[in-house]
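**Q** Quick mapping for you: the protein sequence lines, in order, are chains A and Y. When we follow numbering that gives the first Met the number 0, the leftmost residue of the first sequence carries the number 0, and every step to the right adds one. When we follow numbering that gives the first Met the number 0, the leftmost residue of the second sequence carries the number 0, and every step to the right adds one. The structure's right below; bear with me while I get my questions together.
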Amino acid sequence: MTPGELIGIWIAAGLTLMMFSFIYRDNVFFKFGEHLYLGVSVGYYINIQYWQVIVPDLYRPVTIDHNYWVIIPAILGIFILLRLVPSLAWLSRMSFALYIGGFAGLAIPNVIHSIFLRQLSETLRPFAGGWGEALLTMVLFILFFALLAYAVSGGGWIAAVGTLVMFGVICLGIWLNWMVAIDINQVIILLGVFTVLIFFFFSLEHKRLVGGISRVGLFFIMVSFGASFGYTVMARISLLIGRFQFLIDDWIKRAMLGQ
Amino acid sequence: MDFVSFVLNLDRRVIYTIVALCVVVPLVKPLSLPIDTTPEVEGIYDVIEQLPAGSHVLVAGDFDPASKPELFPMLEAVLAHCFEKDIHPHLLTLWPAGPGLMQRAIENQAAIYNKQSGTDYCFLGFRYGSAAVVLGMTGSVTETFTTDFYGTPTATMPIYEDVHRVADFDYIIDLAAGATVEIWIAYGAEPQGVPMGASCTAVSAAGYYPYLQAGQITGLAGGMLGTAEYEVLLSRNYPDIQGDKSRPRPTGEATKGMDAQSAVHVFIVLSIIVANVCFYLSVRREREERRKA
Chain A
0 MTPGELIGIW
10 IAAGLTLMMF
20 SFIYRDNVFF
30 KFGEHLYLGV
40 SVGYYINIQY
50 WQVIVPDLYR
60 PVTIDHNYWV
70 IIPAILGIFI
80 LLRLVPSLAW
90 LSRMSFALYI
100 GGFAGLAIPN
110 VIHSIFLRQL
120 SETLRPFAGG
130 WGEALLTMVL
140 FILFFALLAY
150 AVSGGGWIAA
160 VGTLVMFGVI
170 CLGIWLNWMV
180 AIDINQVIIL
190 LGVFTVLIFF
200 FFSLEHKRLV
210 GGISRVGLFF
220 IMVSFGASFG
230 YTVMARISLL
240 IGRFQFLIDD
250 WIKRAMLGQ
Chain Y
0 MDFVSFVLNL
10 DRRVIYTIVA
20 LCVVVPLVKP
30 LSLPIDTTPE
40 VEGIYDVIEQ
50 LPAGSHVLVA
60 GDFDPASKPE
70 LFPMLEAVLA
80 HCFEKDIHPH
90 LLTLWPAGPG
100 LMQRAIENQA
110 AIYNKQSGTD
120 YCFLGFRYGS
130 AAVVLGMTGS
140 VTETFTTDFY
150 GTPTATMPIY
160 EDVHRVADFD
170 YIIDLAAGAT
180 VEIWIAYGAE
190 PQGVPMGASC
200 TAVSAAGYYP
210 YLQAGQITGL
220 AGGMLGTAEY
230 EVLLSRNYPD
240 IQGDKSRPRP
250 TGEATKGMDA
260 QSAVHVFIVL
270 SIIVANVCFY
280 LSVRREREER
290 RKA
């Protein structure tokens, strides 16, 4: 291990412990580490921007290739910075207009084609065989879940009987092949998309059937939040594991014990 | 103080200490818990495994040191897999703080497999602009990245004799700590018809499942678990480096970390159950006391 590497490990270990000290309570070591991190990050990013953007895209083209066209975007970039000068802030509008307009022109066709339409078509994929059967399947499933939610949330015996009748109709539909032979996961996805959209549709009062549908949507949202929360816990613990791996393997074993 | 009050008034620092112990103990004394592989991760592994030697894989390492424990081992595993099969990885990053980690990964793996820059692999480095970079690469890789990370002109590199634009790559894999997967799908893989895989931090994994179900990505490795699965697949199929029995493949960092991950998760699940039961009992007790009063 080189002396530089050894010093680096000790500094990193010290800063890691400073950050961990916040778990006990806010203190001067944590503040020092926090401010140092911020300062180093800003310095690093400025350095990267200078060497990766300004030098190869502006300085070299102008001084070596004598390509003076690159001065135009450079001026537009300076206009954006002029937002800091109130009397000249209006100049930034030109840069923003060009940037937003240009990027929207590039982004909209790609995003519509590659993300929006593709996701839409894949959401409806199981129903591509026949729209009549597909629509019937979708409506029956949505009505079933909405009535179920309405019955559970105190809709009374009419809603409960309605749920049972709807369940019977679905079973009959499947038995008599009225309904499309479908992948149940795709039905759940479609059901989730529809009911969550209804949950966020506030032009109708969320009562009775609409209330039931939005409750199903709420259930899907909660499942989604639960999955995200579980993954977030895993991500945060992964970061903690990464720090402890560094402290145990690099700091204690390599730097202190020389293993 | 009874147990219910003790639990509900527990100092958070006690919980932090137990979490720390759950991490440290398995790291010092590994439990070697089994790691099962899932179809999501196999969806990436299998595509790379089926590529013939000499294929070109675009590896976008769009993360920085903040996501190192989750994505850096994945980057090393993917590069090792490519080199093991004589596939040419083209590594780049759209994140300004990424090049240091990318450099370390590619140089480590190139040294292990004795691969040459410009011939066997290329480290393109960082270019500012995210979507603009991807769009530029759909036109020309060597014009978007005129030099590699080390300043060598890309246009004269042998590795770019057959590869000119994104459409010429056989596979794209994005290791993302942010929203770059959507960028690669929208501007690179989907319009150019190149199959793509994604590895991401666990935080964003749930959000990428729609792309997996739609077939827009062949596989998804989410967080440290996804990385550990990839390491397990690689170790299972290639236990030794380039078949050399004297060079066994070392256990991956993510695999090592999964024991700690499991221990902490068990503790968190138990804590949630115990705390909820105690909370329920305390509410019931309060209600009874109020009724008596």
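Idealized CB from N, CA, C, for every residue including glycine.
(1) With a threshold of 8 Å between beta-carbons, can Y/VAL193 be considered close to chain A, or not?
(2) Checking 8 Å against the spacing of the C-beta atoms, do A/ILE141 and A/ILE212 come in under that value?
(3) In the DSSP output, what is Y/THR146 paired with across the bridge?
(4) Any beta carbon of chain Y sitting closer than 8 Å to that of A/PHE198?
(5) Using a Cβ-Cβ distance under 8 Å, would Y/PHE2 count as near chain A?
(6) For Y/ILE171, write down the residues that DSSP places opposite it in a beta bridge.
(7) List, in chain order, every chain A residue whose beta-carbon is nearer than 8 Å to that of Y/PRO313.
(8) Who are the Cβ neighbours of Y/GLY192 in its own chain at under 8 Å, not counting the five residues just before and after it?
(9) If you pair each beta-carbon of the stretch 213-227 of chain Y with each one of the stretch 230-240 of chain A, do three or more pairs fall below 8 Å?
(10) At a CB-CB cut-off below 7 Å, which residues of chain A make contact with Y/GLU252?
(11) What does Y/THR37 pair with, by DSSP beta-bridge criteria?
(12) Return the first residue and the last residue of the beta strand (DSSP E) that Y/ALA201 is part of.
(13) Measuring CB to CB, does Y/ALA175 end up less than 8 Å from Y/ASP61?
(14) Which chain Y residues sit within Cβ distance under 9 Å of A/ALA159?
(15) Check each candidate in Y/ALA253, Y/PRO88 and Y/TYR279 and name the one with the smallest Cα separation from A/ARG242.
(16) Pairs of beta-carbons, one from the stretch 117-135 of chain Y and one from the stretch 81-95 of chain Y, closer than 8 Å: are there three or more?
(17) Can you tell me whether DSSP reads Y/LEU100 as helix, strand or coil?
(18) Going by DSSP, what residue range makes up the alpha helix (DSSP H) through Y/THR217?
(19) Using alpha carbons as the reference points, say which of A/MET233, A/VAL54 and A/MET221 lies closest to Y/SER261.
(20) Taking the CB atoms as reference points, tell me whether A/VAL215 and A/PHE144 lie closer together than 8 Å.
(21) On a Cα-Cα basis, can you pick out the residue from A/VAL110, A/ILE188 and A/MET18 that is closest to A/GLU121?
(22) Mind listing the chain A neighbours of Y/ARG12? Cutoff is C-beta to C-beta under 8 Å, in chain order.
(23) Excluding five sequence neighbours on each side, which residues of the same chain lie with their C-beta closer than 6 Å to the C-beta of A/THR162?
(24) Applying the criterion that 16 or more other CB atoms from any shown protein chain within 10 Å of the CB defines a buried residue, is A/LYS30 buried or exposed?
(25) Can you tell me where the beta strand (DSSP E) holding Y/HIS163 begins and where it ends?
(26) Pop quiz: Y/VAL317 and Y/ALA220 are said to be a contact at Cβ under 8 Å. What is the actual Cβ separation, rounded to whole angstroms?
(27) Am I right that Y/MET195 and Y/ALA205 are in contact with their C-beta atoms under 8 Å? What's the rounded C-beta distance?
(28) To the nearest angstrom, how far is the alpha carbon of A/LEU135 from that of A/ILE169?
(29) Give the straight-line distance between the Cα atoms of Y/PHE278 and A/MET221, rounded to the nearest whole angstrom.
(30) With C-beta atoms as the reference, is Y/SER198 less than 8 Å away from Y/MET101?
(31) Quick one: does Y/LEU224 have its CB under 8 Å from some CB of chain A?
(32) Can you tell me which of the three DSSP states A/TYR23 falls into?
(33) Check whether the stretch 2-18 of chain Y and the stretch 278-288 of chain Y touch, using three or more Cβ-Cβ pairs below 8 Å as the test.
(34) Could you tell me the distance, in whole angstroms, from the CA atom of Y/THR145 to the CA atom of Y/SER139?
(35) Using DSSP bridges, identify the partner residues of Y/TYR120.
(36) In angstroms with no decimal places, state the Cα-to-Cα distance between A/SER91 and A/ILE71.
**A** Quick look at the numbers:
(1) For Y/VAL193, no Cβ of chain A is located within less than 8 Å of the residue's own Cβ.
(2) Yes. Within cutoff.
(3) Looking at the DSSP output, Y/THR146 shares a beta bridge with Y/PRO152.
(4) No, A/PHE198 lies away from the interface with chain Y (no Cβ there is under 8 Å from its Cβ).
(5) The beta-carbon of Y/PHE2 is placed no less than 8 Å from the nearest beta-carbon of chain A.
(6) Paired residue(s): Y/LEU57 and Y/MET195.
(7) Chain Y is shown from 0 up to 292; residue 313 of chain Y falls before or after that span and cannot be answered.
(8) Cβ within range, chain order: ALA166.
(9) Counting Cβ pairs under 8 Å, three or more are found: they touch.
(10) Within 7 Å Cβ-Cβ: GLN244.
(11) For Y/THR37, which the question treats as bridged, DSSP gives no partner whatsoever.
(12) Element bounds for Y/ALA201: not the beta strand (DSSP E) but the alpha helix (DSSP H), 201-212.
(13) In this structure, Y/ASP61 lies closer than 8 Å to Y/ALA175 by Cβ.
(14) Result: empty, since nearest Cβ-Cβ is about 28 Å, beyond 9 Å.
(15) For A/ARG242, the closest of Y/ALA253, Y/PRO88 and Y/TYR279 by C-alpha to C-alpha distance is Y/ALA253.
(16) Contact between the stretch 117-135 of chain Y and the stretch 81-95 of chain Y is present, because at least three Cβ pairs lie under 8 Å.
(17) When secondary structure is reduced to three states using DSSP, Y/LEU100 falls in the helix class.
(18) According to the DSSP assignment, Y/THR217 belongs to no alpha helix (DSSP H), since it is labelled neither H nor E.
(19) The alpha carbon of Y/SER261 has as its nearest neighbour, out of A/MET233, A/VAL54 and A/MET221, the alpha carbon of A/MET233.
(20) Yes, the Cβ-Cβ distance between A/VAL215 and A/PHE144 is below 8 Å.
(21) Checked all of A/VAL110, A/ILE188 and A/MET18; the closest Cα to A/GLU121 is A/ILE188.
(22) Residues of chain A whose Cβ lies closer than 8 Å to the Cβ of Y/ARG12 are, in chain order, ILE22 and TYR23.
(23) Answer for A/THR162: LEU146, LEU147 and ALA150, listed in chain order.
(24) A/LYS30 should be labelled exposed.
(25) It is not in any beta strand (DSSP E) - Y/HIS163 carries neither H nor E in the DSSP assignment.
(26) Here chain Y has residues from 0 to 292 only, and residue 317 of chain Y is not among them.
(27) The Cβ separation is near 19 Å, so there is no contact.
(28) Cα-Cα distance, rounded: 10 Å.
(29) C-alpha of Y/PHE278 to C-alpha of A/MET221: approximately 21 Å in a straight line.
(30) No. Outside cutoff.
(31) Chain A contact via Cβ: present.
(32) The answer is coil: DSSP assigns A/TYR23 none of H, G, I, E or B.
(33) Touching, yes, given that three or more Cβ pairs across the two stretches are closer than 8 Å.
(34) One alpha carbon belongs to Y/THR145, the other to Y/SER139, and they sit about 10 Å apart.
(35) DSSP output for Y/TYR120 lists Y/SER116 as bridge partner(s).
(36) Answer to the nearest angstrom: the Cα atoms are 14 Å apart.
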